Structures are given as C-alpha cells and as structure tokens.
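What follows is a short report on a single structure.
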Amino acid sequence: MTTKTNIEGRKVNDDDDSIDTEELSNWILGETVHNVRFMWAINVVFVLILLNLQAAYGNLEHDYRVLSEKLVQQSAHSSIAGNGVWMVPRFSWYLGMIISMVIGIACFILQKVAPLLWRGSKMARLQREFDEIVGKLVTLQETHCNTCAELETLRQSNETSQQQAILRESSLLQQLVVMGEERDIAQQELGQVEAERVSLERIVAEQERPPRTDCTVCLDSPVNTAMAPCGHTLCGVCANALTARLNQRCPICRAPFRQMMRIHIG
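Pasting the structure below:
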C-alpha cells in the first residue's frame, strides 16, 4: 500500500477510493480568503497613501502659487525680492523631491501589489478549475459507484444463473441415470418377451404343422412301421435294416422292442 501527502501535509492512502473534496475545498477557500483580505488591506493602505500624498501635493502647490504671486507683487522692493529669490528654486526642488518620492512609493506599492493582484486572479482561476475538477471527480465517483453496483448485480445474477444451471444439470444427470436403468430393465423385459414370442411361435407352428408321414431316418419313404412298445415310426426298409444291425432295438430311442407293427397313415 503506497501513501501520498496532501496539501495540509497529512498522508493518505492511494488505495482509498474516497475523495475528501470538502476538506480540500475548504483549505483552498481559506487560503483564497486570506490572500484576498491581505490584497484588500494593501489596496486600502495604498489608496490612503495616495490620498494623503495628493492632499499634501495640493497644499504645497497652493502655497507655491501664493508665494509666487506675492514675490511677483513685491518684486519692486529689492530687499523682499532678494530674500525670496533663493526660496523659489529651493521650493521647486523640495516639490520635485516630494513628487519623486510619491512616484517611487507608488511604483514600489504597485510592484508589491501587482503580484498579489495577479496571484489573487490566479487563485480565483485555480479555484474555478479546482471546482470543475472536483465536479468531474464527484461525477466520476458517482459513475464508478453506479458501475460497481451494476457489476455486483450482474455478478449476483450470474451466480444465481450458474446455480440454477448446476441444479438443472444435476437434475438432468439424475434423469439420465434413471432413464438408463429403466432402459436396461425394458431391454431385459423385451428379451424375455422376445423369447416367449419365439417359443409361442414355435409351439404354434408345431401345432399347426400337419402330422409327419415321411420316415425320420431316410426322409424319403412313407412311414408304415411302428415299434412296440415305444411307438416310434419309420419306413419298413429302415426298420428291417436297422433293427437287425441294432440287435432288435428301436433305431430312434435305442429301446428294445417286442414287435414291429404294420401301420397305414392316410
């Protein structure tokens, strides 16, 4: 965290977003009022000095005019004229000195007052610029606060949307798991139903199939011989050939038989 020094010498943090504009404005206003009061005091003193010097100069000029008239009127008397001749240039010299002093004092005062006047106008201009900058800073701070509030609202809205999306995704995943289990159960049931259907079709086909009349051994000759007591049937040629080879046993179930009966299936 870095620090900086404000106008009054106090340290403030750079990380502090708040702007103490009121304190800064009060300080500048106080400095401006102090300078303006000092400037007005100098102006009043200067005006008083000028008025006093103007009055003194007027009195001296009046006395000089009166004295000159008296000297002119009494120029006939040599004694008075001789005594007054030296006073005229001396009086003129004093009057010039006074005028020079007045001009010097006026110039000195103007040299001291002019910077103050310029400084006062500059302070007024700086005050106006400061007020404008403070207004802009206040506006920027309000905009910053509004933007932060909008961002916070958007963040909360995004968090709510994300939570809703997570809940929705979790619900969909659970539904997918349930649907997968139901699909497996349905496939098992479908397999059972398919097996039952095939079995039923086989039974129906066997029930609907006409009785077999061909020999189950050679599949060519018609059945005409039955073995007793097992009841298996076959043609006479296969019965005679196989029973002799199998030692009087049924060619189909290998059970001994007592006799071969001649049958007719029509």
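When you read off a place in the sequence shown, starting at 1, and then add 899, the result is the number in this note's numbering.
Glycine is no exception: its CB is placed at the ideal position from the N, C-alpha and C atoms.
Remember, predicted model here, so these are calculated numbers, not experimental data.
Return the residue from the list the options that minimises the CA-CA distance to residue i.
i     : options                      : result
P1128 : D1083, Q1147 and C1134       : Q1147
P1155 : I1162, G1135 and H1131       : H1131
L928  : H961, L947, Q1026 and M1000  : Q1026
F1029 : C1149, T931, G1135 and C1134 : T931
State the start and end residues of the unbroken beta strand (DSSP E) segment that holds residue i.
i     : result
T1124 : T1124 to A1127
R1153 : Per DSSP, R1153 belongs to no beta strand (DSSP E) and is neither H nor E.
With DSSP as the reference, please indicate the residues paired to residue i in a beta bridge.
i     : result
P1121 : D1113
M1160 : A1125
T1052 : Paired residues: none, contrary to the question.
T1132 : A1125
Would you mind giving the Cβ-Cβ distance between residue i and residue j, rounded to the nearest angstrom? I have them listed as a contact below 8 Å.
i     : j     : result
I1164 : T1115 : I1164 to T1115, Cβ: 13 Å. No contact.
M1159 : A1138 : 6 Å
T1112 : I1162 : With a Cβ gap of about 11 Å, T1112 and I1162 do not count as contacting.
R1153 : L1145 : 7 Å
V1037 : S924  : That pair is no contact at about 11 Å.
Which residue marks the beginning of the alpha helix (DSSP H) containing residue i, and which one marks its end?
i     : result
N1139 : G1135 to R1144
Check whether the region 1087–1098 touches the region 1112–1121, counting contact only when three or more Cβ pairs, one atom from each stretch, lie closer than 8 Å. When Cβ pairs closer than 8 Å are counted between the two stretches, the region 1087–1098 is seen not to touch the region 1112–1121, the count staying below three.
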